[in-house]
Amino acid sequence: MILQEIALKKGRQVAGHNIQSWAKRRRRTEYISDNGLRNYGSRRAPASQLRQELAKEHVKDLSNQQKAKKKARAIDKDFFLSVLGSSATKREARSYIQRFTPSEESSSSTKSSPEKARRSCGVNLGGFYGPAAVQESPRFIQQPERLSKVSVGPQLHVALVKIRAPQTLDDETLNGIGRTLAQLARLGLISVVVIHCDTGVPPSGEEKRDADWRKLEIEQTNRLIAAIDANGETGARLVDNVIGVSEEPVRPGYRHTSAHVTLRKLLMTPLRRGVIPVIPSIGYTDISQTAVPVLATDIVLALTKELAGLSTQLLPDEDSIVVQERLQTLRKEVSLDRLIVLDPLGGVPSTDRDNGYHVFLNMEQEYEPAKQDLLKGLHPNSSRGSLQAQAKEERASDLSLSNPFSKFAETEFGGPKPLAQEAEQETTEQPKLDNWYHLQNLQLVRSVLSMLPPSSSALLTTPEEAANSGKDAPFQAARVGTRRQRNPLIHNLLTDKPVFSSSLPVGRLGPQASMGEVVSPAESITPTTFAKHGMSVTLFPNPKFGRWEPPTPGTPQLTLTDSQIDLPRLVHLIEDSFGRKLDVKEYLKRVNGRIAGVIIAGEYEGGALLTWETPPGVKDDGSPESRARMVPYLDKFAVLKRAQGSGGVADLIFKAMVRDCFPEGCVWRSRRNNPVNKWYFERSRGTWKLPDTGWTMFWTTPDLSLDKQLFLDYEGVCRGIEPSWADNKTVLD
């Protein structure tokens, strides 16, 4: 009767809670008497025992809560230290917030969703307040309903992560990788991880596997899942049934396999819940549903096509407008922002840098040279002509997205031999094997970025660097205190840049060895490569056909009115970058006839104009003596405001200037209060504040202090250049 009154007054939920509490107290207070009968009461001995048990449970709960809070604080500390250690500028932080903040359209559509409105009030009202009769009536339509009207919710930002040889990593490193992936998820970038337990043979379509290959893949996948689950709220899930394989025989001993995503929902369901899918290199044949090993590169390419909305097939009678809207809907659902390759070999090798690795790869300009370097590593004794022939064959097969390395495996080793036999021949030479993997990663990056928008990027680094949680480097007397090491994955997400600039001299980075150990700056640099589709860099004239030399009387010279230079766009670039109007007539009068060259990045997103200047006191008569004293001067260095701080436009121009145009050095000047001076300071070999002026002189010439006359010529040129602005403002701000 009492319970009925409580139910009527406070509701069934409260009554049910009271019943449970009463039953729990009843179980705790009952005891068995000496005569075997069940009694209820509050004898002293059971009561004291009950109080002791309750006290123990309370202490245990408090201890568990404290451990949980301590673990959460440790996770938060690692997270914030990793974020703060990225050293993102205000501009970079603003760009990150704009990219990872849901749009107003998606947020408003989500808020106005009827389903979400029902969930928000806690009660499903069904169609009580809606025109149910109209909604449930049949609709006679001739075309399928357009999917663009369906709300897909806020856009997901996804990164594809490929981890090679996880079985070689210790638990500490794997746990660090799990912590980094969890931190990326907290920052708004959720990962789809592909595990590849390779067997140490060159990548090919016929890779050898032992009998326990599937067991090894599952074990290493579960290791990574446990590492992710142990680091914060972000969880992980094994997804081993999402990759299908279609087999097409080509000729005896060869077959062409094509990997694809069998069901998109299997991939999107965990992503929508904030769970990281971890996919082993296992696929299932379309016909027999047999488990077969699949190259991780094939899986990454299949996932790229699926997440980018490129796997949708056009039905015979389907309207093209409907297909276009369906593709737009899929692309609004997911934004594939990153490809992350964690390879024990690290980034892509480079013979042009002292540290031996590409820091930033502009795929539009540097893909072919990088591939040629790898081909030379595979064939160190090959002639230039044979390498060009091999590169021509490679370009013909680069468009193959299912397995872009099968053609390479056939042609590189002299004839159509079985790929397993070729692998056995090459495993004896470790440098060639390393180049196999580097070439695989390079072509994978190119294939993935070619299917994504220009804003997407790729990052190649070692598992050890990905596991870096921002620990303090050991103190060294040669350095100013200690410096927290940056996690390249966190830094890249927040800044969309590599850990350090590609145009930064290696000597400016400083060694990071332990106390008492002598390490060169080149050896201390992380073997990490940041790649983007990038943009072309055009040089006028092309230094490949001749060095930039001082003008000779009687020979044709480059002018800004030349047909190959778009003067209006160049003027707009300069005015937009400097924020001032240029006196075009006076400027052309000053520079025409002494132009050394022009560097243009992309579609005039950035550029540099270099001239030959005659020092004071030297006759400009074109004589050999006069030409020998001419100074290479950087007259204008401009980047559009919308391209400043992103895309590495300035780095591309500066690298072309110091590497291709003037490797022996040049000079330029800048206002002392110019905010770009910090960037100049880091990349120049020396600076000098010109006395009694507001200018600072910079140069890239090595050992300039040893040549007094050249230094005086540099100073005289920087003092004597007259500005050519339309406001006639010669006095510095």
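For what it's worth, full-length UniProt numbering labels the leading residue of the sequence shown as 1, then goes sequentially. The C-beta atom is built at its ideal place from N, Cα and C for all residues, glycine as well. None of the values given here were measured: they were computed from a predicted structure.
Exposure label - residue i; buried when at least 16 CB within 10 Å
i	result
LYS532	buried
SER447	buried
ARG179	buried
LEU189	buried
SER623	exposed
THR168	exposed
ILE287	exposed
GLN289	exposed
ASN435	buried
PHE578	exposed
THR611	buried
SER536	exposed
GLY546	exposed
PRO498	buried
THR529	buried
Rounded C-alpha distance that separates residue i from residue j
i	j	result
PRO550	MET630	7 Å
TRP230	MET451	First, the amino acid is wrong: residue 230 is Ala here, not Trp. Roughly 34 Å separates the two Cα atoms.
PRO344	ALA291	27 Å
residue 734	GLU368	The displayed coordinates of the chain run from 1 to 733. Any statement about residue 734 would go beyond what the structure contains.
LEU224	CYS197	13 Å
ARG186	GLU664	47 Å
TRP213	PRO293	8 Å
ARG672	LEU459	36 Å
GLU605	PRO154	31 Å
GLU92	GLN98	10 Å
TYR587	ALA466	50 Å
HIS157	THR304	13 Å
ALA302	ILE163	16 Å
LEU174	PRO463	8 Å
THR329	TYR284	28 Å
ASN487	GLN183	11 Å
GLU613	PRO543	19 Å
ALA159	ALA370	24 Å
SER670	THR696	5 Å
GLU233	ASP171	20 Å
SER705	PHE681	17 Å
ASP707	ASP562	36 Å
residue 802	VAL649	Here the chain comprises residues numbered 1 to 733, so residue 802 is not present and cannot be evaluated.
VAL334	ARG264	12 Å
ALA165	GLY176	16 Å
PRO556	ASP621	16 Å
TRP548	PHE698	20 Å
Residue(s) in a DSSP beta bridge with residue i
i	result
THR461	LEU342
TYR587	Per DSSP, none; premise fails for TYR587.
SER191	ALA159
HIS196	ARG164
TYR633	THR611, VAL667
PRO280	ILE195
ILE600	THR538, GLY607
GLY244	HIS260, TYR284
Neighbourhood of residue i by C-beta distance below 7 Å, restricted to the same chain and skipping five residues each side
i	result
GLU115	Confidence is the limiting factor: at GLU115 the pLDDT is only 43, short of 50, which leaves the residue's position unreliable, though a coordinate-based value still follows. Cβ within range, chain order: n/a, list empty.
ILE616	Here the sequence assigns Pro to residue 616, which means Ile is not the residue at that position. Closer than 7 Å at the Cβ level, and outside the excluded window around PRO616, lie GLY716, GLY720.
ALA726	LYS581, LEU582, ASP583
THR693	ARG719
ASN618	Residue identity check: residue 618 is Val in the sequence provided, not Asn. Contacts found: SER626, ARG629.
SER724	LEU582, ASP583, GLU586, TYR587, ARG590
ASN592	THR559, LEU560
Same chain, Cβ closer than 6 Å to residue i, five either side skipped, listed in chain order
i	result
LEU295	none
LEU539	ILE599
VAL161	SER191, VAL193, ILE340
LYS56	none
THR701	GLY665
GLY235	ASP229, VAL275
GLY309	LEU327, LEU330, ARG331
LEU444	THR297
PHE711	LEU704
TYR96	LEU494
Sequence-distant residues of the same chain with beta carbon closer than 8 Å to residue i, five excluded per side
i	result
VAL239	LEU266, LEU267, PRO270, PRO277, VAL278, ILE279
THR262	ASN241, VAL242, ILE243, GLY244, TYR284
GLN365	GLY534, MET535, SER536, VAL537, LEU652
If you scan the stretch 285 to 373 from start to end, which runs of the beta strand (DSSP E) of 3 or more residues do you find wholly inside it?
-> 291 to 293, 334 to 342, 360 to 362
Output the residue ranges of the beta strand (DSSP E) runs that lie fully inside the stretch 641 to 703 and measure 3 residues or longer, sorted by chain position.
-> 667 to 671, 686 to 689, 695 to 699
Can you list, in chain order, the stretches of the beta strand (DSSP E) that have 3 or more residues and sit fully within the stretch 546 to 589?
-> none
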